[in-house]
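Residue numbers (mature numbering (1 follows the signal peptide of the UniProt record, and there is no 0)): -23 to -1, 1 to 436.
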Amino acid sequence: MHMKSTIRLIILLLFCGFTSLSAEKLPTIDYKSIAAEITKGCSKKNDQARAIYRYLIQNIAYDTDYKIRDADECWRQKKGVCQAFADLFIKLCEPLNIKCILVTGFAKTYDHIPGTPFERHAYVLVEGDKPNRYFFVDATWGSGTVNNGTFARSDDDMSWFHTSPVWMAFSHFPYEEKYQMLKKPLSFEEFQKLPGLVPDMEYMGFDGELLLEGLRNGTILSLPKIYPRQKLPFRVVQIPMTRTLKLGETYEFTIQLPEPTKLALTQNNEFPFNKVVQGTQKLVFTPFLPGEVSISIAPPDRKTYSTVLSYSVPEPSKEEYEQLIKKNPYYSPLIQDIDGYSSNIPLLGFDGRELIKAIQSNQIEALPQTFSYDKFPLKVIDVPINRDLQKGKNYRFMVILPPNIKIALFHGTATITDWETRGKLRSINYTPKTEGKLSIGAFDANEKRYYIILSYKVK
């Protein structure tokens, strides 16, 4: 009897406890009134769903404590995990008779590391204005990102509203195959191999269907590293669709820039191309060094660039190097390893075979500092190839430069512009009598200033 009494007491206490909690229930949330306020002025379902999505991404934060999973608590706390975002979106759509389907599955971010586990994720399929025509909505990903436990809100990211099934396929894999909404559904193995591309890339000119098909059938083996969410308008027309570029091979990059934009092509922090352009631009580039090649953009008045595309140029094998050097001596490590070498050296017309001979005979300790500009088509014919010049020794400088462009030699306080001119051929003999920097520069008539192209040290 004692045991039975104890059990009855426990049951009574439990019952009383729940009764006490139920008496403290929070007020019921009026989702009908909230939805009406959010969608005021919207009559079509697509517009109403868009208004709800935009409200959520602007007002609901991701719960970095991973505790809030239901719509009610998400609304009260103004934060939640993906399940809460999806549930809240559905709750706000219900009073408007917008049909929604909660979709659950796996997801991977753009920077997902292959071989690491996928995150479990929830998002929504929404029936829009046309009956039985559904589109994807992921307000969680539209709201922002979490880095090191801190939520950072996005700047009105609409790329995860009305997202096409093709772009969703790169990053979202539902448990139920039918919710892929693809004509040819992916297997989980195929999803694992795909890069986590994002729909922002469509705004950059990438065709999601072509990318998905190419990656599935093997015609595209890898992609350059792509940096979406650019604030400046930028569209690719034609680029190398591979992560790696080969040393010595020539590649074309065709890019559209609707407004004046600084466009730079860099290799290992050098700038073979760097100027303000607008419209369709075609860049032709041959990597001369192993390392990284990047396409970057910036507003005309800014010095800081944003990388848009990047490629890797791997080190060739010994046999490949030998073939490259026969084709072009600039691929020789003898030249590439010498102090002062940059991609400007071949662009300015230095003779690669003569450089190798000079290096092998210990005539060069360091090459002159060089700068190359598209607006100055300067080519060297006969100039000192060693950076260090000797005081009191006579040197000859001979270059090709259009006659309408002024050229000058700068040494100390002296500026010497009386070069001998024969058509495009410019030459001067000069004997430095003091130590210090000696430079050759070309004059920009529009900017009314000289740009240094060659620089030496007199010792």
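All residues carry an ideal CB built from backbone N, CA and C; glycine is no exception.
Look at the Cβ atom of residue i, then the Cβ atom of residue j, and state whether they are nearer than 8 Å.
i, j, result
"residue 261", "residue 238", "no"
"residue 79", "residue 101", "yes"
"residue 269", "residue 287", "yes"
"residue 274", "residue 207", "yes"
"residue 215", "residue 236", "no"
"residue 384", "residue 422", "no"
"residue 28", "residue 55", "no"
"residue 179", "residue 173", "no"
"residue 352", "residue 376", "no"
"residue 200", "residue 146", "no"
"residue 265", "residue 354", "no"
"residue 415", "residue 428", "no"
"residue 362", "residue 335", "yes"
Run through DSSP, which three-state label would residue i get?
i, result
"residue 343", "strand"
"residue 194", "helix"
"residue 249", "strand"
"residue 212", "strand"
"residue 260", "strand"
"residue 306", "helix"
"residue 255", "strand"
"residue 207", "coil"
"residue -14", "Residue placement at residue -14 cannot be trusted, given a pLDDT of 35 that sits under 50; what the coordinates show is reported in the next sentence. Correct three-state label for residue -14: helix."
"residue 168", "helix"
"residue 439", "With the chain covering only -23 through 436, there is no way to say anything about residue 439."
"residue 177", "helix"
"residue 9", "helix"
"residue 185", "helix"
"residue -3", "The predicted position of residue -3 is uncertain, since its pLDDT is 42 and thus under 50; a value taken from the coordinates is nonetheless stated next. Note: residue -3 maps to helix in three-state DSSP."
"residue 420", "strand"
"residue 202", "strand"
"residue 22", "helix"
Compute the Euclidean distance between the alpha carbons of residue i and residue j, then round it to the nearest angstrom.
i, j, result
"residue 92", "residue 194", "21 Å"
"residue 16", "residue 36", "15 Å"
"residue 94", "residue 82", "13 Å"
"residue 289", "residue 257", "25 Å"
"residue 403", "residue 307", "25 Å"
"residue 417", "residue 197", "46 Å"
"residue 341", "residue 406", "21 Å"
"residue 292", "residue 309", "12 Å"
"residue 316", "residue 346", "9 Å"
"residue 333", "residue 373", "21 Å"
"residue 154", "residue 121", "27 Å"
"residue 271", "residue 242", "6 Å"
"residue 19", "residue 212", "32 Å"
"residue 48", "residue 40", "13 Å"
"residue 343", "residue 360", "14 Å"
"residue 3", "residue 63", "22 Å"
"residue 217", "residue 171", "18 Å"
"residue -3", "residue 12", "In this predicted model, residue -3 has a pLDDT of only 42, less than 50, meaning its place in the structure is not dependable enough to derive any value."
"residue 43", "residue 124", "14 Å"
"residue 10", "residue 23", "19 Å"
"residue 210", "residue 51", "35 Å"
"residue 152", "residue 96", "13 Å"
"residue 234", "residue 7", "48 Å"
"residue 426", "residue 382", "12 Å"
"residue 394", "residue 379", "15 Å"
"residue 45", "residue 167", "32 Å"
"residue 75", "residue 67", "8 Å"
"residue 348", "residue 240", "17 Å"
"residue 430", "residue 325", "9 Å"
"residue 248", "residue 413", "27 Å"
"residue 148", "residue 85", "5 Å"
"residue 31", "residue 137", "10 Å"
"residue 183", "residue 219", "14 Å"
"residue 203", "residue 175", "10 Å"
Taking only heavy atoms of the ligand COA into account, decide whether any of them is closer than 7 Å to the Cβ of residue i.
i, result
"residue 203", "Ligands in the displayed structure: none, and consequently the ligand COA is not present."
| Can you list, in chain order, the stretches of the alpha helix (DSSP H) that have 4 or more residues and sit fully within the segment 41 to 73? | 48 to 54 and 59 to 70
| query | Does the segment 112 to 125 come close enough to the segment 55 to 69 to have 3 or more Cβ pairs within less than 8 Å? | reply | yes
| task | Starting from the N-terminal side, write out each stretch of the alpha helix (DSSP H) that is 4 residues or longer and does not extend beyond the segment 75 to 159. | result | Listed in chain order, the alpha helix (DSSP H) runs fully inside the segment 75 to 159 are 116 to 120 and 142 to 146, counting runs of at least 4 residues.
| query | Going along the chain, which unbroken runs of the beta strand (DSSP E) with 3 or more residues stay wholly within the segment 308 to 393? | reply | 356 to 359, 372 to 377, 384 to 388 and 391 to 393
| field | Validate contact between the segment 218 to 234 and the segment 300 to 316 using beta carbons, cut 8 Å, 3 pairs | value | yes
| task | Would you check if there are 3 or more beta carbon pairs closer than 8 Å linking the segment 156 to 169 to the segment 138 to 146? | result | yes
| Cβ contact check for the segment 102 to 110 and the segment 120 to 137: 3 or more pairs under 8 Å | no
| request: Determine, using beta-carbon pairs with one atom in the segment 360 to 377 and one in the segment 408 to 416, whether at least three such pairs fall under 8 Å. | output: yes
| field | Runs of beta strand (DSSP E) wholly within the segment 264 to 303 (minimum 3 residues, chain order) | value | 268 to 275 and 283 to 290
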